[in-house]
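Okay, structure first, notes after.
Numbering (the numbering used here), first residue to last: 1052 to 1147.
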């Protein structure tokens, strides 16, 4: 965007003609690594989210959808990818 807070890239799928999308959200906060306790809790959060979503994500993966939740030094990054007709519902479920 004009304010530099978001960027959109577009590349058509010339091989299969399927509409795919990849979306990355970064929740910026200094709190995740502000102390040893916060860093430990943030990493535990990442592992718990991944564990909780494992069964749902397996089925979604068979349908061509992917996700990733990472605690990074600047906050939390959520990445979603796959066929765009199902991506919004998938991303909404994962980000609850």
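Where a beta carbon is used, it is the ideal one built from N, C-alpha and C, also for glycine. The model shown is predicted, which means the values in this text are computed figures rather than measured ones.
Item: Rounded separation between residue 1110 and residue 1082 - CA only; Value: 33 angstroms
Item: Residue burial classification, residue 1061 (beta-carbon count within 10 angstroms, cutoff 16); Value: exposed
Item: For residue 1131, the residue or residues it bridges with in DSSP; Value: 1074 and 1118
Item: Environment of residue 1144 [buried if 16+ CB atoms lie within 10 Å]; Value: exposed
Item: Among 1134, 1139 and 1087, the one whose alpha carbon lies nearest that of residue 1067; Value: 1134
Item: Those residues which DSSP pairs with residue 1068 across a bridge; Value: BP columns for residue 1068 are empty, so no partner.
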